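Sequence order for the protein chains is H and E. Mapping of the first sequence onto the working numbering: position 76 corresponds to residue 241, and the numbering continues sequentially without gaps. Mapping of the second sequence onto the working numbering: position 96 corresponds to residue 166, and the numbering continues sequentially without gaps. Following: one structure in structure tokens, then a few remarks.
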Amino acid sequence: LAKTTQPISMDSYEGQEVNITCSHNNIATNDYITWYQQFPSQGPRFIIQGYKTKVTNEVASLFIPADRKSSTLSLPRVSLSDTAVYYCLVGDPGYALSFGKGTSLLVTP
Amino acid sequence: EAGVAQSPRYKIIEKRQSVAFWCNPISGHATLYWYQQILGQGPKLLIQFQNNGVVDDSQLPKDRFSAERLKGVDSTLKIQPAKLEDSAVYLCASSSGLAGAGWAWEQYFGPGTRLTVT
């Protein structure tokens, strides 16, 4: 399993764009990059997944450089409800993925 | 579409007692996962089933934990006997993909069962 490193915590104000970067230097050829969001007392929820370049959905964007050794989750114009823990997972999604400790994002007014 | 169902939502037991958790995945999902999440940490995979076979149980403490997925649908996770350090949230997740398929899919998580061992 590829080891991932992401910031323990981040703070932001409402309406700002938040970028959370994840390092994964030993990513393998078959590995995908997946981000999950978790609110207190709930199970994690899938946000976005990508293999290379850029992926965008209605919630977020995922930027992956050509070497794939890092990735950046971008949350446009965050609101208070985006306060959560965000996990970067790297691996073959068919097998066990390590969640790590995640990044705790706090959005304030 | 109904989500992943888990029961009970909360359980308090004394150490050395036994406990069982139940999970009903999303209909048609071949792959089912059990995770343990200790407060302040990310979920840790305990076991992964594909249909009714085990794909990965390398982190399951087999001396006290057991899991089964009869008929490839519902699953039960059991702890016997429980220890204080088993206090955690036990999450069940399911996905439609198959191990080694070479393409990506998402896991859908249930609400979890919060276990407190006293």
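Positions of the beta carbon are idealized from the N, C-alpha and C atoms, including for glycine. Here the structure is a predicted model, which means the values were calculated and not measured.
Give the straight-line distance between the Cα atoms of residue i and residue j, rounded to the nearest whole angstrom.
i: L270 (chain H); j: G167 (chain E); result: 30 angstroms
i: E179 (chain H); j: E84 (chain E); result: 44 angstroms
i: R184 (chain E); j: N191 (chain H); result: 34 angstroms
i: I82 (chain E); j: T237 (chain H); result: 40 angstroms
i: Y252 (chain H); j: S239 (chain H); result: 13 angstroms
i: K234 (chain H); j: S188 (chain H); result: 6 angstroms
i: D127 (chain E); j: S165 (chain E); result: 17 angstroms
i: L147 (chain E); j: E176 (chain E); result: 22 angstroms
i: I212 (chain H); j: V224 (chain H); result: 7 angstroms
Could one say the Cβ of residue i lies closer than 9 angstroms to chain H's Cβ atoms, at least one of them?
i: A267 (chain E); result: Residue 267 (chain E) falls outside the range modelled here, since chain E spans only 71 to 188, and no answer is possible.
i: K114 (chain E); result: yes
Could you check whether the Cβ of residue i sits closer than 9 angstroms to any Cβ belonging to chain E?
i: F228 (chain H); result: no
i: T199 (chain H); result: yes
i: P209 (chain H); result: yes
i: L238 (chain H); result: no
i: K266 (chain H); result: yes
i: L262 (chain H); result: yes
For residue i, tell me which candidate among the options has the shortest Cα-Cα distance.
i: Q107 (chain E); options: E:Q87, E:S164, E:S97, E:E155; result: E:E155
i: T188 (chain E); options: E:D144, E:G180, E:A152, E:G142; result: E:A152
i: A158 (chain E); options: E:A100, E:N121, E:Y80; result: E:Y80
Relative to the ligand MG, is the shortest distance from any of its heavy atoms to the C-beta of residue i smaller than 8 angstroms?
i: Q177 (chain E); result: As for the ligand MG, it is missing from this structure, which has no ligand bound.
When you compare the region 186-205 of chain H with the region 246-259 of chain H, are there three or more beta-carbon pairs, one atom per stretch, that lie closer than 8 angstroms? Segment contact: the region 186-205 of chain H against the region 246-259 of chain H, three or more CB-CB distances shorter than 8 angstroms; contact assigned.
Any contact of the region 103-118 of chain E with the region 133-152 of chain E, i.e. 3+ C-beta pairs under 8 angstroms? Judged by Cβ distances under 8 angstroms, the region 103-118 of chain E makes contact with the region 133-152 of chain E, as three or more pairs qualify.
Could you tell me which uninterrupted beta strand (DSSP E) segments, each at least 3 residues in length, are contained entirely in the region 83-168 of chain E, listed from first to last along the chain? Fully enclosed beta strand (DSSP E) runs of 3 or longer: 89-94, 101-107, 114-120, 123-126, 135-138, 145-149, 158-165.
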